[in-house]
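Engineer: Just passing along the structure, written as structure tokens.
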Amino acid sequence: MNAPIGVIDSGVGGLTVAKEIMKRLPNETIYYIGDTARCPYGPRSRQEVRNFTWQMAKALEKMNIKMLVIACNTATAVALESLQRNMPFPVLGVINAGARAAVKKTKRHEVVVLATEGTIKSGAYEEALLSLNTSTHIIPLACPTFVPLVESGEYKGDFANKLIAEGLKPLKNRQFDTVILGCTHYPILQKQIEAVVGGDVNVLSSAEETAKDVQEMLAYNGTLANADAVPAHKFFASGSVPIFRSIAENWLEQGTLDIKRMTLK
Numbered sequence: 064m065n066a067p068i069g070v071i072d073s074g075v076g077g078l079t080v081a082k083e084i085m086k087r088l089p090n091e092t093i094y095y096i097g098d099t100a101r102c103p104y105g106p107r108s109r110q111e112v113r114n115f116t117w118q119m120a121k122a123l124e125k126m127n128i129k130m131l132v133i134a135c136n137t138a139t140a141v142a143l144e145s146l147q148r149n150m151p152f153p154v155l156g157v158i159n160a161g162a163r164a165a166v167k168k169t170k171r172h173e174v175v176v177l178a179t180e181g182t183i184k185s186g187a188y189e190e191a192l193l194s195l196n197t198s199t200h201i202i203p204l205a206c207p208t209f210v211p212l213v214e215s216g217e218y219k220g221d222f223a224n225k226l227i228a229e230g231l232k233p234l235k236n237r238q239f240d241t242v243i244l245g246c247t248h249y250p251i252l253q254k255q256i257e258a259v260v261g262g263d264v265n266v267l268s269s270a271e272e273t274a275k276d277v278q279e280m281l282a283y284n285g286t287l288a289n290a291d292a293v294p295a296h297k298f299f300a301s302g303s304v305p306i307f308r309s310i311a312e313n314w315l316e317q318g319t320l321d322i323k324r325m326t327l328k
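Residue numbers for the sequence shown follow the numbering used here, so the first one is 64 and each next one is one higher.
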């Protein structure tokens, strides 16, 4: 019951999901791997992303996790089903959660999906959204500059604001009332994105819905941590630990974190 929850991502973006899990389930321990050395995953081939995702999953399997959250939309799109079939613990992704949040919020059924090139090409969000409501009109937009911006740690200030505005230009004169942040890096840019699309548009992250899914799955399996359990989170980065630390400690607001470098293969 007190075994850790594994969370994996191409980099720091999955910290947005980890933060919501920590908020909802404060007694749970999280083991997080960010593949920062090979980020971004969006432009990579499906086979590469699948291989990298499996490497992270296998590393966490050795640490005796009780469930795995693929906190990366691109990885969810290509690896979720194979991991669910083959891992000895429950595996959740973030795409269905994001689609569900959007369908709950939209009034006009005009939904923008902001995501990496890989997630957009997969069509996974279209499939998930239309399975929930066939009348949904979907506007997909790949934003390839956003992940490197977040991973660099330089996501505040005038340069970042200009880059975000430029990336969202194709939405000018389009009609929509809801935006899905279809990459877990993007909630770190949420305020800037909201400033561009306008205050009357719902800008949604999959993180909160994913945390709900985690809670429900653990409750169903009877594996929620004891009420008196004290979490001992661990974080691993395949690239620069100092950059990862700066972003993680700023975003999670948990004080000094236990972060180590991990070589994935």
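C-beta atoms are modelled at their ideal positions from N, C-alpha and C, and glycine is treated no differently.
Provide the residue span of the alpha helix (DSSP H) that contains residue 69, from first to last.
Structural biologist: Per DSSP, residue 69 belongs to no alpha helix (DSSP H); it is in the beta strand (DSSP E), 68 to 72.
Engineer: Report the rounded CA-to-CA distance for residue 272 versus residue 246, giving the unit in angstroms.
Structural biologist: Approximately 14 Å between the Cα atoms of the pair.
Engineer: If the criterion is Cβ atoms closer than 8 Å, does the pair residue 327 and residue 119 meet it?
Structural biologist: Cβ distance < 8 Å, so residue 327 and residue 119 count as in contact.
Engineer: What residue range is occupied by the uninterrupted beta strand (DSSP E) comprising residue 211?
Structural biologist: Counting along the chain, residue 211 falls outside any beta strand (DSSP E), though it belongs to the alpha helix (DSSP H) covering 209 to 215.
Engineer: Checking the sheet assignment: what are the DSSP bridge partners for residue 298?
Structural biologist: Looking at the DSSP assignment, residue 298 forms a beta bridge with 95, 322.
Engineer: Assuming residue 249 and residue 195 are in contact, meaning their beta carbons sit under 8 Å apart, how far apart are those beta carbons, in whole angstroms?
Structural biologist: The pair is not a contact, with the Cβ atoms about 21 Å apart (cut-off 8 Å).
Engineer: What does the alpha-carbon distance come out to for the pair residue 179 and residue 221?
Structural biologist: If you take the alpha carbons of residue 179 and residue 221, they lie about 23 Å apart.
Engineer: Tell me which same chain residues have a C-beta within less than 7 Å of the C-beta of residue 163, skipping the five on either side of it?
Structural biologist: Closer than 7 Å at the Cβ level, and outside the excluded window around residue 163, lie 195, 272.
Engineer: Skipping 5 residues on each side, what residues in its chain have a beta carbon closer than 8 Å to that of residue 318?
Structural biologist: So the list reads 312, once near-sequence residues are dropped.
Engineer: Tell me the rounded alpha-carbon separation between residue 121 and residue 259.
Structural biologist: The straight-line gap from Cα to Cα measures roughly 40 Å.
Engineer: Nearest-angstrom Cα distance between residue 191 and residue 175?
Structural biologist: Cα to Cα, the separation comes out at about 13 Å.
Engineer: Do you know offhand how far residue 132's Cα is from residue 74's?
Structural biologist: C-alpha separation (whole angstroms): 14 Å.
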